[in-house]
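Q: Using the working numbering, you'd call the opening residue of the sequence shown number 89 and step up by one each time. Could you have a look at this structure, given as structure tokens, before my questions?
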Amino acid sequence: MRGLVLDVGGVLVGPGSDPDTFGAAVTVLRARGVRTALLSNDPGGPGAQWLRDLEGPFVDRVVLSGDARVAKPDPESYLLVARLLDLEPGECVFVDDSVGNVRGAAAAGMVGVHHDGSHDAPGELAVLFDLDPEEIGSGATDGAESWWRRSGGSGQEGERGR
């Protein structure tokens with residue numbers, strides 16, 4: 089696999105999220121040359137600037153449905169993010185807390201991973217990307233600071249979790 093695409097609400101922020109583990113996965117995978125993106129059904133606008141600001145410091149691309157005018161689970165949303173990463177959909181793993189969005193990604197050709205708040209999703213990422221589970225399973229990769237504080241995130245949870 090050459091790409092990791094994450095939802096925001098329910099994966100990185102909000103109830104059931106696991107920001108330290110998924111943030112560590114992004115950090116480790118980017119260091120290995122894996123392309124990364126956030127794909128969110130956030131409506132965009134000025135309130136979503138904190139998400140856009142994660143492009144570069146945290147992930148390679150940020151795609152918001154309000155900006156792209158296409159929302160998950162529409163197959164075009166997954167195809168768009170794959171194109172922006174310069175990858176084929178089949179080279180990408182997509183993680184979301186919504187089963188419908190995971191099914192949409194799979195229908196578009198991506199490998200879908202459902203994050204339901206258990207430890208199954210990080211374990212699946214370890215298998216798919218040939219990682220030592222300890223690299224991501226312990227959360228932050230360099231001590232107590234979470235990826236969020238390291239990336240300069242605002243802590244806002246304006247993402248609608250869709």
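Even for Gly, the Cβ is constructed at its ideal location relative to N, Cα and C.
1) Helix, strand or coil: how does DSSP classify glutamate 222 here?
2) Among the residues of its own chain, which have a CB less than 8 angstroms from the CB of glutamate 179, if the five just before and after it don't count?
3) Let me confirm a value: valine 215 is counted as buried when at least 16 other C-beta atoms fall within 10 Å, else exposed. Which label applies?
4) Any idea if proline 221 is buried or exposed, counting beta-carbon neighbours within 10 angstroms, 16 or more meaning buried?
5) Using the three-state DSSP reduction, which class does serine 153 fall into: helix, strand or coil?
6) Once the 5 residues before and after glycine 188 are set aside, which same chain residues still bring their CB inside 7 angstroms of it?
7) Please determine, among Arg120, Ala196 and Val151, the residue with the shortest C-alpha to C-alpha distance to proline 163.
8) So, helix, strand or coil for arginine 90, using DSSP?
9) Please go through the same chain and pick out, in chain order, the residues whose beta-carbon is closer than 6 angstroms to the beta-carbon of serine 153, but skip the five residues on each side of it.
10) Helix, strand or coil, according to DSSP, for aspartate 130 in the structure here?
A: According to the structure data:
1) Here residue 222 refers to the residue found at position 134 of the sequence shown. Reduced to three states, the DSSP call for glutamate 222 is helix.
2) In the sequence shown, counting from the first residue as 1, residue 179 sits at position 91. The residues are Met89, Arg90, Gly91 and Ala170.
3) Walking along the sequence shown from the start, residue 215 turns up at place 127. Looking at its Cβ environment, which holds fewer than 16 other Cβ atoms inside 10 Å, valine 215 is exposed.
4) The residue given as residue 221 occupies position 133 in the sequence shown. Exposed: under 16 other Cβ atoms inside 10 Å.
5) Taking the sequence shown and counting its residues from 1, one reaches residue 153 at position 65. Here serine 153 sits in helix by DSSP.
6) Within the sequence shown, residue 188 is the residue found at index 100, counting from 1. Hits under 7 angstroms: Pro161.
7) Indexing the sequence shown from 1 puts residue 163 at position 75. Comparing Cα positions, the closest option is Ala196.
8) As a first step, residue 90 is located in the sequence shown; it is residue number 2 there, counting from the start. Three-state DSSP puts arginine 90 in coil, outside helix and strand.
9) As a position in the sequence shown, residue 153 is number 65, starting the count at 1. A distance below 6 angstroms between beta-carbons, with the five flanking residues on each side excluded, links serine 153 to the following residues of its chain, in chain order: Asn129 and Ala159.
10) In the sequence shown, counting from the first residue as 1, residue 130 sits at position 42. Look at aspartate 130 here: in three-state DSSP terms it is coil, with no helix or strand label.
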